[in-house]
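Asks: Going line by line, the protein sequences match chains R and E. Heads up, my numbering is the position in the first sequence plus 375, with the first residue counted as 1. Heads up, my numbering is the position in the second sequence plus 369, with the first residue counted as 1. Okay, handing you the structure first.
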Amino acid sequence: MTASRISTPTAQPRSAFLFYLAVALIAGAVIALQISIMRIFSVGSWAHFGSMVVSLAMMGFGLTSVVMCAANDWFEKHWQGVANVSLLAFGPLIVAANLIAQQIPFNAIFLISDPVQKWKLFGNFVLYLTPFLAGAFFLGAVFLRMKETFGRIYFADLVGAGAGGLLLLGCLYLFRPENLVVVPLALWFAAGIVWFLAQSKRSGSLTALFVLGVLCIAGHFWLPQQLAIPKLAVSDYKGVSYARKFPDNQRVYENASPFGYLEVYSSSYLHFAPGLSDNAGFNLPEMPANAYLGMYIDGEGPFGVMRNLSDKEVAYFRYLPMIYPYVIKKDPSTFVVQFGGGISTRVALHNSKHVTVAEGNPEILNAFRNDKGLRDFSGDILNDPKLDVIDYDGRLYLANTDKRYDVIDVSLADSAGLSSPGGFAIVEKYAYTREAMRAYMRALADGGVLSVTLWNKEEPPKSVLKLYATMVAAARDADPKADLSKEFYAAASYLSTATVLYKRGGFSAEDIDKLHAHTHAMSFDELTYPGFEFDTKQTADSLKSYRESIFGADDEAAKAAAAAGIASGSAGPKAKGTSIVPTSEPTTAPMADPTAPAANSADPTAPPAADPTAPAADPTGPTADPTGPDANASSPDAAPAPVPATVMGQLAWHSLLHGNGTDLSDYVFDTRPLTNNRPYFAAYVKPGDLSRTTDRLEIFQDEWGYLLLWATLGIAAVAALVLVAIPVLLGWRTIFSRTPGQLRVILYFACLGLGYIMVEVALIAKFVLPLGNPTVSASILITGMLVFSGLGSLTSERFMERAKTTMPIIFIAIGALLIAYGFVIDPVLDAIGRLPYALRLVCCFLLIAPPAFLMGFPMSTAMTWLGRLNKNAMFLWAWGINGSFSVIGAALVPIIATSFGLASVLQISGIAYLIAAPAFFAIFLPMRTARRAT
Amino acid sequence: MDRRQFVLGSITALAAAPVANLARASISGADSKVPVPFAWDVKVPIDSREEFVAWAVKNRGEDPKFLTQRWNRMYAMVQNKDLTDERNKRAFLLTPREDFCRPVNRAHAYDSAFLDIGFGVTISGPHAVGRMTQVLNVQTGEKVLEIGTGSGYQSAFLSHLTDKCYSIEIIKPLAERTRSVYDELIGDGYNEFKSITTKQADGYYGWEENGPFDKIVVTCGIDHIPPPLLKQLKPNGVMVIPVGPPGAQRVLKVIKHQGQNGDITVSRSDIFNKVVPFVPFTKLVDGEIKGAHNGDAKDTK
């Protein structure tokens, strides 16, 4: 390796600047690469797999630290060579890893059934790990060189990362997702130039850099064309892939931005009528044809875009669930909470005297306002004289407006993902929280109606039960003394949609008559209405049957429920008049194996072998066997019995409105309301049941996002343990033998790693509340946190000599701030949400600043002291532990948030910093003198 | 079934392989034919695997390895009540599922899982297909419309129950590929597949010139039931639609009721209209039921 001399901060000022700049650029490239990979996964497959791959790839930092730790003397001696080589390798590895990974796309929906898919996922992880390893070796080598003034280099690292993140987000406007890796490549190239310019012998390195740069560009742009291979392989199972296969498909609009990769396709094969009543088939003269475009964001969708329909064609609106509020409100002033593709708005315009619609995604509004094709197709809907447009989150608008509306409509907002395979990421749904519902109810005029429609395609029901609980909780908040049973009406169509109406002041008898008639005409099922009577005898069987349908009759919780007084379907008398047949009766009674001797009878635990020809052998009885010959014999005039999901919906409403001994906590899945603290429809599996999901993962495919978090956490925890253990096993008595207090040092850096990332991830989720958009929130948070922490790191140098006295105060301040934020942040963010947008951004920065600034101190102070005390091995190891526990923390956040709420995440982070305080002093324990060899 | 019997059965099946190869080569080999063409009164030995394999090798010229797997899967489906009558069991046993899977997945043709067939489409698992077909309760001579031909397996299954199957596929290259699979199999002597009429079109509008239909099966994702399909369904006809993500799908059953006064109403239900465990809840290992997810079915020996 060349021994060229590099200028360091101790040398000339200009070179010192270049040195820090190079570090900042590489740190920026690393974070830009992280975000790029996540975007690539979002568009090509599903975002949560991207998060998993990136999280685990970040383990590269831990791995690097272990390697460097094991040979720290060698690395200290050859630090510059290591930095040069790893820097040169970083760019080519970005291109190669991405291109090869795109040739082995794994498919989420076959992850259980096809073992090859797991290897493909592993291959993606290993490939994307490689550039991070290169980046980590570069930064590790530089950190080691600068260990005595770590605060400065850490400042460059953090500020560079913050700026890199912001740059990438800006570049989302410029590049399509498949070309996003150009951004980290550009940062890498710039870093290389700056780095080698700072060196005295630089011509050879610069030449190599230029050659590699050209190869990278050719590898990314030219090679895939020559080999006819994709730069970004979009899964065949993404919504947009289907549109692309329609014979007459045509992409009529495309736009890349931080708000998603937006595409609009036209095809005569696109049909939208979400939740359409089956009766439309017999009563409508015609359905609109060639009436739709399909809108896709990051390949997810379609969101229907409807053309301006003729009077004859709009007759079909009557059969859509979003018509419900207009059944009882004539010519209302209407607010549509989310524009989406515009179907709800179109229905509202047809039935209202005036409509206000909100849309939080500026690029959707931009498309409908500025693209001639879309404007023409949609009849320039956004310029309709009856329509006002709010260009930010409808939830925020309604929470703060003095205006009142006769109808507020939330129809299938944000819910395209509810029906897509492999989707179901843990996403905050602030439009559906208790606080949001309260805001909608508050903005209703007297006698106004809030109408919420949600997909009802889950069996057992999940999302809809959470919605019901949320709306009732909000109504109770709004008026604790009201008789809520008079204010709610709900109807659903089995495996289609559910609609809840809340009327401020309660429904009149006339309203209910109209709603009864409409629901009957649509053949929907009523779940509740004023005066609805639910037969509570069905409760125990219903709850028990649903639990057993997932976990089986032997389930411990079912037994516990039975012990707690819930009658067992098989042990107790069956409730009469219910259609629910408890599945404790064996539905799988084996028929006699005709090829086997009477072996079954030898097994006393086996159900008796049944004669398949004898009806009596079917324990559910011949008439209850739906697949038998009589399965389809239907009496034309007989009213069909309600399906179990309908009974469950009725039970839920009864429980929520009246109680009367019904308790939804016994239901197989989590039905707690969504709140701003816990805004998730996903994560419906109760944590206590998680261990019972592992042998039946195929039935939890709609919970992938959540289960993957546990998988990520498990893998990260094992990886972190191994990374911690390797130096322990190899060097506890050698490398670290002269460094006392190892355990406390591990604890210290683990707490910092966990605490920092948990605050960052939790606040990204929280800041969506006032900012209304996850992309903007992520930009503000990533930049704000890293830059302010960088400043904290730089400032910590001034207190380095007094660290033992100042750091305990810093830790207490961080802990107190974070715990306090956990308690008060929701009302503060609500208040910020009322301000003009620019002021909101400023306030968010100001809110981040105090904890982020202080959180810059602990890492740089401890690392600097490890460096000053020449604890090189510990210095590198600590850095790795910090990185590894960051990965664990990132996976922990949504797991804690879904169970306990985002506030708890902040408070746990605060506690982590408080725990770190006493451990901090282990840093200063003096090195033991080397034992003399005997 | 005990282990000895299983081993013996497997040896018998393997020994029969050369015979099968002589009788009929794979789907790509056009020179060999099904020895005995399908007839509506065909008697298929259902109750014994060995007898079935021997019969099918002789009469259908199929690979005993797949025949063994097919019978084993049928056994599991019967355990789960996905198949409950002789006609549907027979139809399952007569349908060479392996010929409708992609070559890379052929070895897994009789696994319980759904499999990728390209174009973002899967061939549903045998339990799901069996359950849907059973609930349709197709009678000979009834007209059945399938929306979403996909692999072609569903209609192939149906063609052993009725001689009037119509199937529409929206994805042109898939429609063409599956048509060629049918044509090759017909060339091999599977005459029953001649009763499957296919076309590439938008299934949303049904197939009016061939309607009305007694039964309709819809296997494509859509946010509502297309009104034209309900119109083309005969009074008291049945439609089944799988809903939900693959693996956790529920089968929606839609019945078009016609009252005595001529009024038409539509009812929706789960095919069982009761809470039942998800399928597949039996695990088949080497032809034996090993464990059950719902906890009440025991291992069979």
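In this text, a Cβ means the ideal position worked out from N, Cα and C, and glycines have one as well.
Check distances from the C-beta atoms of the region 648 to 675 of chain R to those of chain E and list, in chain order, the residues that come in under 8 Å.
Replies: Cβ contacts with chain E come from 648, 649, 650, 651, 653, 654, 655, 656, 657, 659 and 662.
Asks: According to DSSP, what are the bridge partners of residue 765 (chain R)?
Replies: Taking the first sequence and counting its residues from 1, the one referred to as residue 765 (chain R) is at position 390. DSSP lists R:733 as partners of residue 765 (chain R).
Asks: Ends of the alpha helix (DSSP H) at residue 1133 (chain R)?
Replies: For this step, residue 1133 (chain R) is matched to residue 758 along the first sequence. Looking at the DSSP string, the run of the alpha helix (DSSP H) that includes residue 1133 (chain R) is 1117 to 1141.
Asks: Who are the near neighbours of residue 1101 (chain R) in its chain, counting only those whose CB is closer than 7 Å to its CB and skipping five residues on each side?
Replies: The residue labelled residue 1101 (chain R) in the question sits at position 726 within the first sequence. Same-chain partners within the cutoff: 441.
Asks: Give, in chain order, every residue of the region 608 to 619 of chain R whose Cβ lies closer than 7 Å to some Cβ of chain E.
Replies: From the region 608 to 619 of chain R, only 611, 612, 616 and 617 have a Cβ closer than 7 Å to chain E.
Asks: Using the three-state DSSP reduction, which class does residue 1290 (chain R) fall into: helix, strand or coil?
Replies: Working through the first sequence from its first residue, we reach residue 1290 (chain R) at position 915. If DSSP states are grouped into helix, strand and coil, residue 1290 (chain R) belongs with the helices.
Asks: For residue 411 (chain E), which beta-bridge partners are listed by DSSP?
Replies: As a working note, residue 411 (chain E) is residue 42 in the second sequence. According to DSSP, which records beta bridges pairwise, residue 411 (chain E) is partnered with nothing at all.
Asks: Taking only three categories from DSSP, how would you classify residue 883 (chain R)?
Replies: As a working note, residue 883 (chain R) is residue 508 in the first sequence. In the structure shown, residue 883 (chain R) sits in coil (DSSP, three-state: anything other than H, G, I, E or B).
Asks: Under DSSP, the beta strand (DSSP E) around residue 1058 (chain R) begins and ends at which residues?
Replies: In the first sequence, residue 1058 (chain R) corresponds to position 683, counting from 1. Where residue 1058 (chain R) is concerned, there is no enclosing beta strand (DSSP E), given that its DSSP letter is neither H nor E.
Asks: Kindly say whether residue 344 (chain R), judged by its beta-carbon, lies nearer than 9 Å to any beta-carbon of chain E.
Replies: Nothing can be reported for residue 344 (chain R): it is not among the residues displayed for chain R, which extend from 376 to 1309.
Asks: Compare the C-alpha of residue 560 (chain R) against each of R:702, R:537, R:590 and R:575 and name the closest.
Replies: Position 185 of the first sequence holds residue 560 (chain R). Among R:702, R:537, R:590 and R:575, the Cα nearest to that of residue 560 (chain R) belongs to R:590.
Asks: To be precise: take each residue of the region 555 to 585 of chain E, compare its Cβ to all Cβ atoms of chain R, and keep it if any distance is under 7 Å. Which residues remain?
Replies: Answer in chain order: 571 and 573.
Asks: Taking the beta strand (DSSP E) that residue 830 (chain R) falls in, what are its first and last residues?
Replies: For the purposes of this step, residue 830 (chain R) is identified with residue 455 of the first sequence, where counting begins at 1. Its beta strand (DSSP E) spans residues 819 to 831.
Asks: Pick from R:1197, R:438, R:1265 and R:725: whose alpha carbon is nearest that of residue 1135 (chain R)?
Replies: As a working note, residue 1135 (chain R) is residue 760 in the first sequence. Closest option to residue 1135 (chain R), Cα to Cα, is R:1265.
Asks: Classify residue 485 (chain E) as buried or exposed, calling it buried when 16 or more other Cβ atoms lie within 10 Å of its own Cβ.
Replies: Locating residue 485 (chain E) in the second sequence gives position 116, where the first residue counts as 1. Counting Cβ neighbours within 10 Å, residue 485 (chain E) comes out buried, since at least 16 surround it.
Asks: Can you give me the Cβ contacts of residue 1011 (chain R) inside the same chain, cut-off strictly under 8 Å, excluding the 5 residues immediately before and after it?
Replies: Counting from 1 along the first sequence, the entry for residue 1011 (chain R) is found at position 636. Any reading at residue 1011 (chain R) needs caution, since the residue's pLDDT is 40, under 50, leaving its predicted position unreliable; the model's value is listed next. Nothing meets the Cβ criterion.
Asks: Kindly indicate which three-state DSSP category residue 713 (chain R) falls into: helix, strand or coil?
Replies: Within the first sequence, the letter at position 338 stands for residue 713 (chain R). Correct three-state label for residue 713 (chain R): coil.
Asks: Would residue 422 (chain E) count as contacting chain R if we go by Cβ distances under 9 Å?
Replies: Numbered from 1 along the second sequence, position 53 holds the residue referred to as residue 422 (chain E). For residue 422 (chain E), the answer is no, since every Cβ of chain R falls outside 9 Å of its Cβ.
Asks: Of all Cβ atoms in chain R, is any one closer than 9 Å to the Cβ of residue 433 (chain E)?
Replies: As a working note, residue 433 (chain E) is residue 64 in the second sequence. False, the Cβ-Cβ gap to chain R never drops below 9 Å.
Asks: Let me check one thing: in DSSP terms, what residues is residue 626 (chain E) bridge-paired to?
Replies: The count along the second sequence starts at 1 and reaches residue 626 (chain E) at position 257. Residue 626 (chain E) is bridged to E:634.
Asks: For the putative contact between residue 909 (chain R) and residue 1076 (chain R), defined by C-beta atoms under 8 Å, what is the C-beta separation to the nearest angstrom?
Replies: Taking the first residue of the first sequence as position 1, residue 909 (chain R) is located at position 534. Taking the first residue of the first sequence as position 1, residue 1076 (chain R) is located at position 701. The pair is not a contact, with the Cβ atoms about 32 Å apart (cut-off 8 Å).
Asks: State the Cα-Cα distance for the pair residue 627 (chain E) and residue 506 (chain E), rounded to the nearest angstrom.
Replies: For the purposes of this step, residue 627 (chain E) is taken as residue 258 along the second sequence, with counting starting at 1. For the purposes of this step, residue 506 (chain E) is taken as residue 137 along the second sequence, with counting starting at 1. When rounded, the distance between both Cα atoms is 19 Å.
Asks: Spell out whether any CB of chain R is found under 9 Å from the CB atom of residue 519 (chain E).
Replies: Here residue 519 (chain E) refers to the residue found at position 150 when the second sequence is read from its first residue. No, because no Cβ of chain R sits closer than 9 Å to the Cβ of residue 519 (chain E).
Asks: For the alpha helix (DSSP H) holding residue 626 (chain R), just list the boundary residues, first then last.
Replies: Taking the first residue of the first sequence as 1, we reach residue 626 (chain R) at position 251. Residue 626 (chain R) -> not in any alpha helix (DSSP H); beta strand (DSSP E) instead, spanning 625 to 632.
Asks: Between residue 1187 (chain R) and residue 1283 (chain R), what straight-line distance do the alpha-carbon atoms span, to the nearest angstrom?
Replies: Residue numbering aside, residue 1187 (chain R) sits at position 812 when the first sequence is read from its first letter. Residue numbering aside, residue 1283 (chain R) sits at position 908 when the first sequence is read from its first letter. Approximately 14 Å between the Cα atoms of the pair.
Asks: What is the rounded straight-line gap between the Cα of residue 547 (chain R) and the Cα of residue 1257 (chain R)?
Replies: Here residue 547 (chain R) corresponds to residue number 172 of the first sequence, with the count starting at 1. Here residue 1257 (chain R) corresponds to residue number 882 of the first sequence, with the count starting at 1. So the alpha carbons of these two residues sit roughly 30 Å apart.
Asks: Could you give the first and the last residue of the continuous beta strand (DSSP E) run that contains residue 534 (chain E)?
Replies: Reading the second sequence from its first residue, position 165 is the one you call residue 534 (chain E). Taken as a continuous stretch (DSSP letters only), the beta strand (DSSP E) holding residue 534 (chain E) covers 533 to 538.
Asks: Does the separation of the CB atoms of residue 1147 (chain R) and residue 770 (chain R) fall below 9 Å?
Replies: As a position in the first sequence, residue 1147 (chain R) is number 772, starting the count at 1. As a position in the first sequence, residue 770 (chain R) is number 395, starting the count at 1. Yes.
Asks: Whose Cβ in chain R lies nearer than 7 Å to the Cβ of residue 635 (chain E)?
Replies: The residue you call residue 635 (chain E) lines up with position 266 of the second sequence. Here the neighbours are 653, 654 and 898.
Asks: Measure the beta-carbon distance from residue 864 (chain R) to residue 890 (chain R) and round it to whole angstroms, keeping in mind my assumption that it falls under 8 Å.
Replies: Counting from 1 along the first sequence, the entry for residue 864 (chain R) is found at position 489. Counting from 1 along the first sequence, the entry for residue 890 (chain R) is found at position 515. Rounded, the Cβ-Cβ distance is 6 Å, consistent with contact.
Asks: If you draw a straight line from the alpha carbon of residue 766 (chain R) to that of residue 732 (chain R), how long is it in whole angstroms?
Replies: Locating residue 766 (chain R) in the first sequence gives position 391, where the first residue counts as 1. Locating residue 732 (chain R) in the first sequence gives position 357, where the first residue counts as 1. Straight-line Cα distance between these residues: approximately 9 Å.
Asks: Suppose the cutoff is 7 Å on Cβ atoms and the five residues either side in sequence are ignored; what does the same chain contact list for residue 674 (chain R) look like?
Replies: As a working mapping, residue 674 (chain R) is identified with position 299 in the first sequence. The answer, listed in chain order, is 418, 609, 613, 614 and 615.
Asks: Checking contacts by CB at 9 Å: is residue 488 (chain R) closer than that to chain E?
Replies: In the first sequence, residue 488 (chain R) corresponds to position 113, counting from 1. Yes, contact with chain E.
Asks: Using a Cβ cut-off of 9 Å (strictly closer), state whether residue 643 (chain R) contacts chain E.
Replies: Within the first sequence, residue 643 (chain R) is the residue found at index 268, counting from 1. Yes, its Cβ sits closer than 9 Å to a Cβ of chain E.
Asks: Taking Cβ positions only, does residue 1020 (chain R) come closer than 9 Å to chain E?
Replies: The sequence position of residue 1020 (chain R) within the first sequence is 645, counting from 1. Interface residue, yes.
Asks: Determine the burial state of residue 571 (chain E): buried for a count of at least 16 other Cβ atoms within 10 Å of its Cβ, exposed for fewer.
Replies: Within the second sequence, numbered from 1, the residue matching residue 571 (chain E) stands at position 202. With 16 or more other Cβ atoms within 10 Å, it is buried.
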